[in-house]
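Trainee:
There are 2 protein chains.
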Amino acid sequence: MSKKKDTNTEELILNAAKQVFQKKGMTGARMQEIADEAGINKAMLHYYYRSKQLLFEAVFKSAFSLLAPQLNKVINAKTSLFDKIESFTNNYISFIITHPYLPNFIIQELNRNPEFAKKLLAEKHFPNIDNFKVQVEEHIANGIIRPIKAEQLFFNIMALNIFPFVASPLLKGLTNVDDETYKKLMLERKTEVADFIINSIKVIK
Amino acid sequence: MSKKKDTNTEELILNAAKQVFQKKGMTGARMQEIADEAGINKAMLHYYYRSKQLLFEAVFKSAFSLLAPQLNKVINAKTSLFDKIESFTNNYISFIITHPYLPNFIIQELNRNPEFAKKLLAEKHFPNIDNFKVQVEEHIANGIIRPIKAEQLFFNIMALNIFPFVASPLLKGLTNVDDETYKKLMLERKTEVADFIINSIKVIK
DNA sequence: AAAAAGTTTAACCAAACGGTTAACAAAAGT
DNA sequence: ACTTTTGTTAACCGTTTGGTTAAACTTTTT
Chain A
0 MSKKKDTNTE ELILNAAKQV FQKKGMTGAR MQEIADEAGI NKAMLHYYYR
50 SKQLLFEAVF KSAFSLLAPQ LNKVINAKTS LFDKIESFTN NYISFIITHP
100 YLPNFIIQEL NRNPEFAKKL LAEKHFPNID NFKVQVEEHI ANGIIRPIKA
150 EQLFFNIMAL NIFPFVASPL LKGLTNVDDE TYKKLMLERK TEVADFIINS
200 IKVIK
Chain B
0 MSKKKDTNTE ELILNAAKQV FQKKGMTGAR MQEIADEAGI NKAMLHYYYR
50 SKQLLFEAVF KSAFSLLAPQ LNKVINAKTS LFDKIESFTN NYISFIITHP
100 YLPNFIIQEL NRNPEFAKKL LAEKHFPNID NFKVQVEEHI ANGIIRPIKA
150 EQLFFNIMAL NIFPFVASPL LKGLTNVDDE TYKKLMLERK TEVADFIINS
200 IKVIK
């Protein structure tokens with residue numbers, strides 16, 4: 000057995016492929032461009048990953064398994080509902096600022112191939128909202144939050160956190176703010192979003 | 000002058016191109032596929048639209064000018080803020096259900112080419128949030144809503160309305176609901192989203 | 001040190017791609 | 001009637017694309 004190599008080609012390819020696929024998508028990416036990005040011969044891509052499709056799937060799964068634990072924080076965590084919303088919002092926005100292409104990439108590719116989405120979410124024993132649902136229903140029963148379907152609350156949390164990163168060119172254009180100001184607004188959202196949600200659902204005693 | 004033709008080829012092409020481009024994006028779409036969809040010879044696409052790029056731009060602009068007046072409803076309308084949020088949410092969700100591919104298409108292509116986004120939003124004298132901003136600030140000054148930046152409120156309105164349609168494969172997977180149930184949830188959002196927003200910002204007297 | 005296995009490269013290939021051409025058909029203008 | 005313009009088609013073209021090959025180089029095994 001073995002694995003010396005200070006330059007691991009397989010990993011080099013995966014990282015280059017990540018960059019190119021996440022920026023241009025499956026159909027927009029070119030194998031030659033990935034090879035150039037990695038600084039190696041194009042044949043290496045096929046040597047290690049056989050085909051564009053398989054290389055893409057490796058990139059996608061890698062991206063998804065980076066995002067999954069983030070999403071799990073809203074769904075499964077032993078903290079109270081409000082704490083959960085606050086910590087998720089704070090963490091998620093930090094996370095996404097360091098991986099700006101990630102959410103758009105995933106959404107784009109899931110839309111391109113929804114069957115792949117179903118397969119992926121099924122095979123990998125995946126974040127399930129059952130616990131979250133129970134928690135929401137308990138909070139409603141105890142009069143802590145106003146009645147709302149757990150699914151709708153979950154959609155709202157996801158939307159408020161993810162959308163401004165996915166739709167940034169549109170929102171930048173509509174609000175007429177420059178890149179720097181937009182980034183500041185995104186940082187503000189680390190607390191703004193959680194406040195907005197909790198304000199909406201909390202019952203005032 | 001004139002224009003007899005019961006089958007207007009130019010329009011036939013545009014409609015076919017809309018379908019293909021909105022489903023597969025600029026890079027994923029094929030000229031032959033558009034021709035097949037329209038049931039005509041591929042050379043016709045170039046006869047009427049010169050190139051793939053120009054055909055794409057025609058489709059994009061058409062899609063955008065369909066979405067723009069919808070967005071304008073939040074930004075410029077003479078009604079009160081709460082009315083505005085309620086009517087926009089209700090209208091927008093109805094609108095998007097009849098044009099399901101539209102928001103994702105626009106977001107995807109704006110991300111692919113952000114410069115094109117800037118150009119488009121600049122040339123077409125476009126929805127501007129200035130009026131909305133003034134209105135929000137007035138409401139805050141009058142103690143009707145709690146303090147919030149107009150941009151953040153605007154982002155939140157956009158996010159809550161648009162995101163569940165853009166990210167439907169992801170959200171379907173995570174919440175484990177079938178297509179029919181998902182559609183029901185989307186219809187519920189016609190009122191749910193407005194309530195959620197107003198609950199969050201309204202000052203209780 | 002020789003053989004075997006693993007890695008890398010340049011050159012190549014067939015298919016798919018966007019786009020063009022030339023010939024033809026249908027309308028419109030005269 | 002015929003000439004010109006407009007619309008349409010099949011066949012074609014050069015380039016790009018994902019993928020392969022065969023030979024060379026490197027590392028590991030014996």
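Residue numbers (numbering that gives the first Met the number 0), protein chains in the order written: chain A, 0 to 204; chain B, 0 to 204.
Just so it is clear, CB atoms sit at the ideal spot from N, CA and C, and this is done for glycine as well.
Run down chain A in chain order and give the residues with a C-beta less than 7 Å from the C-beta of THR174 (chain B).
Mentor: Correct list: ILE128, GLU150, PHE153.
Trainee: Which partner residues of ILE144 (chain A) appear in the DSSP bridge assignment?
Mentor: Bridge partners of ILE144 (chain A): A:LYS201.
Trainee: Is there at least one Cβ from chain A nearer than 9 Å to PHE81 (chain B)'s Cβ?
Mentor: It does not; no Cβ of chain A falls within 9 Å.
Trainee: Output needed for ASN81 (chain A): all residues of its chain with C-beta closer than 7 Å, excluding positions within five of it in sequence on either side, in chain order.
Mentor: At residue 81 (chain A) the sequence reads Phe, which differs from the Asn that was named. Closer than 7 Å at Cβ, skipping near neighbours: ILE197.
Trainee: Using CA atoms only, rank isn't needed, just tell me which of B:MET157, B:LYS17, B:ASN175 is closest to LEU70 (chain B).
Mentor: When each option's Cα is compared against that of LEU70 (chain B), the closest is B:MET157.
Trainee: Rounded to whole angstroms, what's the CA-CA distance from SER1 (chain B) to GLU32 (chain B)? Just pull it up for me.
Mentor: Because SER1 (chain B) carries a pLDDT of 34, less than 50, the predicted location of this residue cannot be relied on, and no value is offered for it.
Trainee: CA-CA distance, HIS138 (chain B) and PHE20 (chain B)?
Mentor: Approximately 42 Å between the Cα atoms of the pair.
Trainee: According to DSSP, is ILE156 (chain A) part of a helix, a strand, or is it coil?
Mentor: Helix, per DSSP.
Trainee: Just curious, the alpha helix (DSSP H) that THR174 (chain A) is in, first and last residue?
Mentor: Element bounds for THR174 (chain A): 167-174.
Trainee: Let me know the secondary structure DSSP gives ALA76 (chain A) once reduced to three states.
Mentor: Note: ALA76 (chain A) maps to coil in three-state DSSP.
Trainee: Counting only Cβ pairs nearer than 7 Å, list the residues of chain A close to ASN110 (chain B).
Mentor: Those within 7 Å of ASN110 (chain B) in chain A are ASN103, PRO168.
Trainee: Please list the partners that ALA16 (chain A) has in chain B, where partner means a Cβ-to-Cβ separation under 9 Å.
Mentor: Going along chain B, no residue has its Cβ under 9 Å from ALA16 (chain A), so there is no contact; the nearest lies around 16 Å.
Trainee: What distance in whole Å lies between the Cβ atoms of ALA116 (chain A) and LEU169 (chain B), which are believed to be in contact at a cut-off of 8 Å?
Mentor: Their Cβ separation, rounded to whole angstroms, is 7 Å, which keeps LEU169 (chain B) and ALA116 (chain A) in contact under 8 Å.
Trainee: Is there contact here, the stretch 36-46 of chain A with the stretch 87-94 of chain A, by at least three beta-carbon pairs under 8 Å?
Mentor: Judged by Cβ distances under 8 Å, the stretch 36-46 of chain A makes no contact with the stretch 87-94 of chain A, as fewer than three pairs qualify.
Trainee: Going along the chain, which residues of its own chain have a beta-carbon closer than 6 Å to the beta-carbon of ASN89 (chain B), five neighbours each way excluded?
Mentor: Excluding positions up to five away in sequence, the list reads LYS189.
Trainee: Using CA atoms only, rank isn't needed, just tell me which of A:GLN107, A:LYS72, A:ASN75 is closest to LYS22 (chain B).
Mentor: Of the candidates A:GLN107, A:LYS72, A:ASN75, the one whose C-alpha sits nearest the C-alpha of LYS22 (chain B) is A:GLN107.
Trainee: Can you tell me the Cβ-Cβ gap for ILE74 (chain B) and ALA193 (chain B), rounded? I've got them flagged as a contact below 8 Å.
Mentor: Incorrect: roughly 16 Å between the Cβ atoms, too far for contact.
Trainee: Can you confirm whether LEU120 (chain A), when its beta carbon is compared against all beta carbons of chain B, has any partner nearer than 9 Å?
Mentor: Judged by the 9 Å Cβ criterion, LEU120 (chain A) is in contact with chain B.
Trainee: Examine chain B for any beta-carbon lying closer than 9 Å to the beta-carbon of GLY142 (chain A), and answer yes or no.
Mentor: Output row for GLY142 (chain A): interface = no.
Trainee: Taking 9 Å as the threshold (beta carbon to beta carbon), is VAL192 (chain B) in contact with chain A?
Mentor: So yes, VAL192 (chain B) belongs to the interface.
Trainee: Does the Cβ of SER199 (chain B) have 16 or more other Cβ atoms within 10 Å, making it buried, or fewer, making it exposed?
Mentor: With 16 or more Cβ atoms within 10 Å of its Cβ, SER199 (chain B) is classed as buried.
Trainee: Kindly examine the ligand GTP and report whether one of its heavy atoms sits closer than 8 Å to the Cβ of THR190 (chain B).
Mentor: As for the ligand GTP, it is missing from this structure, which has no ligand bound.
Trainee: Should LYS220 (chain B) be labelled buried (16 or more other beta-carbon atoms within 10 Å of its own) or exposed?
Mentor: Absent from the model: residue 220 (chain B). The displayed extent of chain B is 0 to 204, so no value can be given.
Trainee: Roughly how many angstroms lie between the CA atoms of PHE154 (chain A) and LEU44 (chain A), to the nearest whole one?
Mentor: Distance between the alpha carbons of PHE154 (chain A) and LEU44 (chain A): 38 Å.
Trainee: What ranges does the beta strand (DSSP E) occupy inside the stretch 78-146 of chain A, keeping only unbroken runs of at least 3 residues that lie completely in it?
Mentor: If we require 3 residues or more, the stretch 78-146 of chain A turns out to have no beta strand (DSSP E) run fully inside it.
Trainee: So, does the CB of LEU65 (chain B) fall closer than 9 Å to a CB anywhere in chain A?
Mentor: Not one chain A Cβ lies under 9 Å of LEU65 (chain B).
Trainee: Got a sec? Which residues, its chain only, sit under 7 Å from GLN18 (chain B) by beta carbon, not counting five neighbours each side?
Mentor: If we look at GLN18 (chain B) and ignore the five residues flanking it on each side, its Cβ neighbours are GLU36.
Trainee: Does DSSP put ILE39 (chain A) in a helix, in a strand, or in coil?
Mentor: Here ILE39 (chain A) sits in coil by DSSP.
Trainee: At the level of alpha carbons, what is the spacing between LEU65 (chain A) and GLN151 (chain B)?
Mentor: Answer to the nearest angstrom: the Cα atoms are 27 Å apart.
Trainee: Which one of A:PHE55, A:PHE87, A:GLU9, A:MET185 has the shortest CA to CA distance from PHE209 (chain A)?
Mentor: With chain A covering only 0 through 204, there is no way to say anything about residue 209 (chain A).
Trainee: Given this structure, state the Cα-to-Cα distance separating LEU186 (chain A) from ILE147 (chain B), to the nearest angstrom.
Mentor: Straight-line Cα distance between these residues: approximately 15 Å.
Trainee: Excluding the five sequence neighbours on either side, which residues of its own chain have a C-beta within less than 7 Å of the C-beta of TYR100 (chain B), listed in chain order?
Mentor: Once the five neighbours on either side are set aside, the close Cβ partners of TYR100 (chain B) are GLN21, LYS22.
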